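Numbering (the working numbering), first residue to last: 1 to 287.
All residues carry an ideal CB built from backbone N, CA and C; glycine is no exception.
Since we're looking at a predicted model, the values are computed, not measured.
First comes the structure, then the notes that go with it.
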Ligand SMILES: NC(=O)c1ccc[n+]([C@@H]2O[C@H](COP(=O)([O-])OP(=O)(O)OC[C@H]3O[C@@H](n4cnc5c(N)ncnc54)[C@H](OP(=O)(O)O)[C@@H]3O)[C@@H](O)[C@H]2O)c1
C-alpha cells in the first residue's frame, strides 16, 4: 500500500505541516515586534542601561559616559525632537537609541516596556525629575499647592512605576540594578537641615517619598537578586563657565566627576548596600 494512502500517515503529515506553519508564524511575529533599535552596534553581549530624562543635565552626561563605555543606551526624553544634544550623541554612537518617555504617563511607560520586552536591562536609571531652586511659589505662606501633583508624580511615583514596568527586564539581566537619583534636600539628617535653601517643600517631600519607596523596593525584590542604588549626585550646575563665581560654592561637583562616581557606585553595589543612599563619591548618607 502507498505510504501516503494510509489515513494515519496522512493525518500525521498534516499535523507536522500545521505545526511547522505555526512555528514559522510565531518566529515571524517575534521578529516583527522585537525591539529594533537597541543592541544595533554592540550586539547582545554589551550591557544595557535605560535612562529617564536623558536629553539634558545629569541624564545626558550619564548617556554620554555609558555610550563611551560601549553599553547599549536606551536614552529616553519627553521630547526627542527637541533633544539636540542627545541626537548628536546618537549620531556619534550607534549604540544609543532614543525613545520618547514621560515618566508621569503610565501607559507610555507600559508601552515602552512592552516594546523592549525581550531586552534585558542591566541598569534602569531613574534620573528624570522636576527640580528648581527656592521659588516664591514654594515659600511658606505662599505655597502653590497645585505643584504637589507634578512634583510627586514625576519625582516619586515615576521611578516606582518605571521599576514595576521594567522589573522583568532588569531581573533578566546580568547586573540587575534599579537606580534612582535622590537629593540631600529630601534627607532628614542633612547637616544644613534646609537652612541654605528655604522652602522647596514639594521637591524635598517628593525626594523623601522616593527614598522610602526605593528602600522598601530593595527589600521587596532582594530575593530576585535585583539591587536598588539610591544615588546623591552632589550639587551639580550644568553648562557652567568653570571660572564663574558658583565654583566657590561649598560642595559643588563637576558633572563628569559626579556621573563617573555614581557609575562606579552602581558597578560596585553589594546586596547589603541595596536601598541605602550613597553620594556620588561612594560615601553613605543616612536619610
Ligand atoms: N543638579 C543637581 O545639583 C542635583 C542635586 C541633587 C539631586 N539631583 C537629581 O539628579 C537628577 C537630574 O538632575 P538634573 O540636574 O540633571 O536636572 P535637570 O537638568 O533639570 O534635568 C531634569 C531632566 O528630567 C526630565 N524630566 C522632567 N520631568 C519629566 C517627565 N515628566 N518625564 C520625563 N522626563 C522628565 C527633564 O526633561 P525636559 O527637558 O523635558 O524638562 C530633564 O531631562 C534629578 O533626579 C535631580 O533631582 C540633581
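Does DSSP classify residue i as helix, strand or coil?
i: residue 284; result: strand
i: residue 36; result: Here residue 36 scores only 37 on pLDDT, less than 50, and its place in the model should not be relied on; the value that follows carries that caveat. Residue 36: coil per DSSP, three-state reduction.
i: residue 93; result: coil
i: residue 212; result: helix
i: residue 101; result: coil
i: residue 115; result: helix
i: residue 131; result: coil
i: residue 123; result: strand
i: residue 83; result: coil
i: residue 269; result: coil
i: residue 156; result: helix
i: residue 27; result: Unreliable positioning characterises residue 27 in this predicted model, as indicated by a pLDDT of 43, which lies under 50. The coordinate reading is nonetheless provided below. Correct three-state label for residue 27: helix.
i: residue 172; result: coil
Between residue i and residue j, is the Cβ-Cβ spacing less than 8 Å?
i: residue 182; j: residue 207; result: yes
i: residue 113; j: residue 179; result: no
i: residue 120; j: residue 89; result: no
i: residue 262; j: residue 231; result: yes
i: residue 359; j: residue 86; result: Nothing can be reported for residue 359: it is not among the residues displayed for the chain, which extend from 1 to 287.
i: residue 259; j: residue 50; result: no
i: residue 46; j: residue 70; result: yes
i: residue 222; j: residue 172; result: no
i: residue 165; j: residue 110; result: yes
i: residue 96; j: residue 170; result: no
Buried or exposed: residue i, going by 16 or more other Cβ atoms within 10 Å of its Cβ?
i: residue 134; result: exposed
i: residue 159; result: buried
i: residue 212; result: exposed
i: residue 238; result: exposed
i: residue 82; result: exposed
i: residue 264; result: exposed
i: residue 279; result: buried
i: residue 138; result: buried
i: residue 140; result: exposed
i: residue 174; result: exposed
i: residue 77; result: buried
i: residue 132; result: exposed
i: residue 189; result: exposed
i: residue 102; result: buried
i: residue 233; result: buried
Going by the DSSP bridge assignment, what does residue i pair with across the sheet?
i: residue 221; result: According to DSSP, which records beta bridges pairwise, residue 221 is partnered with nothing at all.
i: residue 288; result: Past the edges of the chain, shown from 1 to 287, lies residue 288, and the structure says nothing about it.
i: residue 279; result: 232
i: residue 181; result: 231
i: residue 252; result: 235
i: residue 88; result: Residue 88 is not bridged to any residue.
Is it the case that the CB of residue i approaches a heavy atom of ligand 2 more closely than 7 Å?
i: residue 232; result: With respect to small molecules bound, the structure shown includes ligand 1 and not ligand 2.
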